[in-house]
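Have a look at the structure below, then the notes.
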Amino acid sequence: MLARALAAMLAAAAFVVVGSTSPAAAAGGENCWYETDPNTGEVKLVCEDPGNGGGGNGDPGSGGSSTCNYGGKEIPCTGPEGSVWSSKYACWIGARGPDYMVPPEGQTKEDGWWHVCYFPPPGSSWEYMWIEAGVVGIDPVVLANRAIASMDLDPIQIGIVPESGANRAGLVGLPVWMWVDSPTEDTFGPITRSASQGTVSVSATASVSSIVWNMGDGTKVTCTGKGTPYADHYGKQPSPTCGHRYAKMSSDQPDGAYQVTATSHWVVEWTGGGQSGTIEFDLTTEPLPIRIGEAQVLTQ
C-alpha cells in the first residue's frame, strides 16, 4: 500500500491525464465515452443522444468499439488514453510508468512494472499499479470482439411466401413459408476470423443458432436452421421446417399489411490468450410488409 501511494504521488508530478474519446454503445442508442478530469483523475461516463443515427439493429460492428463486462454491466474495452480493459486487474491498463519508479519490495524490473490503471465508475480514479511481467496486456475478450467486428455480420435476407408487394397477398389459413434467402457466411455463418495484439491471438467462429420470426400478428415463431425455400410443386403444403398460418386478414394493420421481421441469434465461440468463451447477440431485419386477405366465395 505504501509503494502504491508513493507511485500515485510520483504520477501526479510526472503524468497529466487528458480526456478520452473512446466511444461505447449505451442503452437507448446513446453515444458514450469516458472523460478524465485532469485535476482529480476522476473518470466519468458522458453520454449524448445521437438522434436517429444510432442504427439499432444490434450489429456488434456498427458502433466501432467493443464492450467488456464489469460487475454485470457493459463497459468499453478501451478506456482513457487508449488503455485496455483487464479482467485480472479490474481496470483499464494504460501507459508504462517512468523508469525512475521503484519496484515494490521483493520485486524486480524483470518481474513487471508500474502502469497507469483507470478504474471504472462509480468512484472512478486512476493510479499506478504493479503489472506482472507476462500478463496479457489486453483482455482476450477484447480481441474476440475485434474478431467479431471484422466479420461485418448482417441480418438475414428474408425469404417468405406469400411474397411482399403491393400486388401480392396471401390468404387467411393458408400456409406461410419462411426461410433464409441466399444465406452467406456473414448472414448465417459459420464464419471464422481472428484478431491479434502483441503475442496474443484470438480466433472466433460465429453461427446463427436460431431465428425468431415476428409475424406481425402477435405471433413469434422460432426456427432452427435456414428453413425450406418454397417451390410451386409444394402447392398448399405447410413448410416442413419453418411456417405459420394467419388467422385473420391484415386489413386493420398499418398500410394494410403485417410487418414481418426476422431476428437472428448469433453464437460466437472464441479461444485464445489461454482463455475461451461464448459471446451471443441478435441481429434484426427491417420490417417486411405481408398482406393477407380472404378468399372470395361466389354464390348464385
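Quick note: the sequence shown, position 28, residue 29 per the numbering used here, numbers continuous.
Just so it is clear, CB atoms sit at the ideal spot from N, CA and C, and this is done for glycine as well.
- Here R292 is near S251, since their CB atoms are less than 8 Å apart.
- With the rule of 3 Cβ pairs closer than 8 Å, the stretch 249 to 264 counts as touching the stretch 212 to 221.
- A residue is called buried when at least 16 other Cβ atoms come within 10 angstroms of its Cβ; E82 meets this threshold and is buried.
- In the three-state reduction of the DSSP assignment, S151 falls in the helix class.
- Nearest C-alpha to K249 among A145, G274, D218 and E111: D218.
- In the three-state reduction of the DSSP assignment, E164 falls in the coil class, being assigned neither a helical nor a strand state.
- One thing to note: I149 has its Cβ no nearer than 8 Å to the Cβ of V268.
- The C-beta of T188 has 16 or more other C-beta atoms within 10 Å across all chains shown, which makes the residue buried.
- Proximity to I280 across G73, N146 and W131 peaks at N146, based on C-alpha coordinates.
- For E281, the enclosing beta strand (DSSP E) covers residues Q276 to T285.
- About 5 Å separates the Cβ atoms of V181 and I157, confirming a contact at the 8 Å cut-off.
- Per DSSP, the beta-bridge partners of L289 are V261.
- According to DSSP, C224 shares a beta bridge with I212.
- With 16 or more other Cβ atoms from the protein chains shown falling within 10 Å of its own Cβ, H245 counts as buried.
- Here G226 is not near M179, since their CB atoms are 8 Å or more apart.
- Inclusion of P184 and S208 in the CB contact set at 8 Å is not warranted, their separation being larger than that value.
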